Amino acid sequence: MTSRSGLSRQLVLSMSAMALSVMLLLHVSFYMFYAIAMKLNPSLVSPSVDSWPPTTSEWILIATMTLLGLALAVHTATRFSRRIIQPLNSVTESVRRLAHGDLDARAHAEDRSLGEASALVEDFNSMAERLQRMTGELVTWNAAIAHELRTPVTILRGRLQGLAEGVFQPDEALFRSLLAQVEGLSRLIEDLRVLSLADSGHLSLRTETVDLSAEIRATVQLVEPDLRAAQLAVDVQLPPACRVECDVARIRQVLIALLENARRYAQPGGLRIAAECDGAEFSLGIEDDGPGIPDEVAAHIFEAFVRGDDSRARHSGGSGLGLAIVRAIVHAHGGRVGCVAAAAGGTRFTLSIPCHAAPRPDGLSAPPPAMPAAG
Numbered sequence: 001m002t003s004r005s006g007l008s009r010q011l012v013l014s015m016s017a018m019a020l021s022v023m024l025l026l027h028v029s030f031y032m033f034y035a036i037a038m039k040l041n042p043s044l045v046s047p048s049v050d051s052w053p054p055t056t057s058e059w060i061l062i063a064t065m066t067l068l069g070l071a072l073a074v075h076t077a078t079r080f081s082r083r084i085i086q087p088l089n090s091v092t093e094s095v096r097r098l099a100h101g102d103l104d105a106r107a108h109a110e111d112r113s114l115g116e117a118s119a120l121v122e123d124f125n126s127m128a129e130r131l132q133r134m135t136g137e138l139v140t141w142n143a144a145i146a147h148e149l150r151t152p153v154t155i156l157r158g159r160l161q162g163l164a165e166g167v168f169q170p171d172e173a174l175f176r177s178l179l180a181q182v183e184g185l186s187r188l189i190e191d192l193r194v195l196s197l198a199d200s201g202h203l204s205l206r207t208e209t210v211d212l213s214a215e216i217r218a219t220v221q222l223v224e225p226d227l228r229a230a231q232l233a234v235d236v237q238l239p240p241a242c243r244v245e246c247d248v249a250r251i252r253q254v255l256i257a258l259l260e261n262a263r264r265y266a267q268p269g270g271l272r273i274a275a276e277c278d279g280a281e282f283s284l285g286i287e288d289d290g291p292g293i294p295d296e297v298a299a300h301i302f303e304a305f306v307r308g309d310d311s312r313a314r315h316s317g318g319s320g321l322g323l324a325i326v327r328a329i330v331h332a333h334g335g336r337v338g339c340v341a342a343a344a345g346g347t348r349f350t351l352s353i354p355c356h357a358a359p360r361p362d363g364l365s366a367p368p369p370a371m372p373a374a375g
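In UniProt numbering, the protein residues as written are 1 to 375.
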């Protein structure tokens, strides 16, 4: 309160002093002008007029005009200071509330005519909204990560406790089961690391020029037995050759994530993989026959821990990070991803990356411009 009243008081005193100085200067200048004029050319002024010293009535007039001018200056300065101080007070109070954990705190500017003050209030509110959103996302992330870690950790603890107490007999099947849980934890930790690097703009890429069509064919052949086991008939349509400058290991990770997503969630039927390359951009589409994704989910399907069917996703073992990893890697290449409804009733995932990416001088990835939500 002291600092706020101090600023207001300083404004009033400064403007009052300025008004008083101007008025005194005018009065003195007025009499000095006539004194000099009389001395240089007495005929300009009537002999009956004596410019100095002022008469009593003139002193009264001078004092009255000075007081009126000073009162007007104080009134104007007070109103002006209120217009400036009000948004500053609002921001100060909101900052104090924000510092004490009230993320709903927002500043208000009653007078929008002061552009800088209004901009300060709007910038603060924008920062507060972003902080509130980030805090909410952090809470959601922590809860989701804890949920994902709880299952494998509980299984490992139970199995190891059973081994220690002699409930389970150590055999190859049990050790393989424990190893599978550890590998699942390792994948989850690596996925979280990649997303963290991508969010901070520090996801490094090791780019090289490769024939991406050949890399896609090799990756599809690698996972095709698992796709056939899920009763998915793969149809691959790729250009004969397409030279793309990219991090081939990361692109392979993207393709495997998309194919694994289809294996887990797509119904038996066809799985069409098609690509195009015009020399400037490489585009890839993966389309299944169903069951499809609702439009409201498709718009957020590339966000972490978003699932179209939560119960089915957990039954299939998905962590909810696969498509978020896809988006992070594609964005790191300066590309874009999308999810739309397919003509056959299924889902079509698309991605596009430039054939000749221009890496940043520091060698790190940079997020591309925001892309409208698909579907």
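Don't be surprised by glycine CBs; every beta carbon is placed ideally from N, CA and C. Please read these numbers as outputs of a predicted model, since none were measured by experiment.
**Nearest-angstrom Cα separation, counted from LEU192 out to LEU238** = Looking up residue 238 in the sequence shown gives position 238. Looking up residue 192 in the sequence shown gives position 192. Each residue's alpha carbon lies about 32 Å from the other.
**Request:** Report the three-state DSSP secondary structure of HIS331 (helix, strand or coil).
**Result:** Translated into the one-based positions of the sequence shown, residue 331 becomes position 331. In this structure, HIS331 counts as helix in the three-state DSSP scheme.
**For PHE175, the first and last residue of its enclosing beta strand (DSSP E)** = Locating residue 175 in the sequence shown gives position 175, counting from the first residue. Not the beta strand (DSSP E): PHE175 falls in the alpha helix (DSSP H), residues 172-199.
**Message:** Classify GLY345: buried if its beta carbon has 16 or more other beta carbons within 10 angstroms, exposed otherwise.
**Reply:** In the sequence shown, the residue the question calls residue 345 occupies position 345. Exposed, because fewer than 16 other Cβ atoms sit within 10 Å of the Cβ of GLY345.
**Request:** Return the CA-CA distance between GLU287 and PRO294, expressed in angstroms with no decimal places.
**Result:** For the purposes of this step, residue 287 is taken as the residue at position 287 of the sequence shown. For the purposes of this step, residue 294 is taken as the residue at position 294 of the sequence shown. One C-alpha to the other measures close to 15 Å.
**Asked** Leaving out five residues before and five after SER14 in sequence, what residues of the same chain have Cβ atoms less than 8 Å from its Cβ?
**Response** Within the sequence shown, residue 14 is the residue found at index 14, counting from 1. Excluding positions up to five away in sequence, the list reads ALA77.
**Prompt:** Can you tell me whether DSSP reads ASP310 as helix, strand or coil?
**Reply:** Taking the sequence shown and counting its residues from 1, one reaches residue 310 at position 310. Confidence at ASP310 is low in this model, with a pLDDT of 47, below 50, so its placement is unreliable and no value can be given for it.
**Prompt:** From ARG187 to GLY270, what distance separates their C-alpha atoms?
**Reply:** Here residue 187 refers to the residue found at position 187 when the sequence shown is read from its first residue. Here residue 270 refers to the residue found at position 270 when the sequence shown is read from its first residue. Each residue's Cα considered, the two are about 28 Å apart.
**Message:** I'd like the list of long-range same chain contacts for LEU284, defined as Cβ closer than 6 Å, with 5 residues on each side in sequence excluded.
**Reply:** Taking the sequence shown and counting its residues from 1, one reaches residue 284 at position 284. The beta carbon of LEU284 lies closer than 6 Å to those of ALA275, LEU351 in the same chain, with the five residues before and after it left out.
**Item:** Limits of the alpha helix (DSSP H) - the one that PRO225 falls within
**Value:** Here residue 225 corresponds to residue number 225 of the sequence shown, with the count starting at 1. Element bounds for PRO225: 212-229.
**Asked** To the nearest angstrom, how far is it from the Cα of SER311 to the Cα of ARG243?
**Response** Along the sequence shown, read from residue 1 onward, the residue named residue 311 stands at position 311. Along the sequence shown, read from residue 1 onward, the residue named residue 243 stands at position 243. Note that SER311 has pLDDT 43, beneath the 50 cutoff, so the model's placement of it is unreliable and the number below is only indicative. One Cα belongs to SER311, the other to ARG243, and the distance between them is close to 41 Å.
**Asked** Could you give the distance in angstroms between the alpha-carbon of ARG314 and the alpha-carbon of LEU321?
**Response** Translated into the one-based positions of the sequence shown, residue 314 becomes position 314. Translated into the one-based positions of the sequence shown, residue 321 becomes position 321. Confidence is the limiting factor: at ARG314 the pLDDT is only 45, short of 50, which leaves the residue's position unreliable, though a coordinate-based value still follows. So the alpha carbons of these two residues sit roughly 12 Å apart.
**Three-way DSSP call (helix, strand, coil) for THR209 in this model** = Against the sequence shown, residue 209 aligns to sequence position 209. Note: THR209 maps to strand in three-state DSSP.
**Item:** Pick from GLU245, ARG252, LEU232 that is closest to ARG217, judged by C-alpha positions
**Value:** As a working note, residue 217 is residue 217 in the sequence shown. Of the candidates GLU245, ARG252, LEU232, the residue whose Cα lies closest to the Cα of ARG217 is ARG252.
**Prompt:** In terms of residues, what are the limits of the beta strand (DSSP E) holding GLN237?
**Reply:** Within the sequence shown, numbered from 1, the residue matching residue 237 stands at position 237. If you look at GLN237, you'll find it in the beta strand (DSSP E) that goes 232-237.
**Request:** State the CB to CB distance for the pair ALA257 and ASP289, rounded to an integer number of angstroms; the pair is presumed to be in contact (CB under 8 Å).
**Result:** Against the sequence shown, residue 257 aligns to sequence position 257. Against the sequence shown, residue 289 aligns to sequence position 289. Actually they do not touch by this definition, with Cβ atoms about 20 Å apart.
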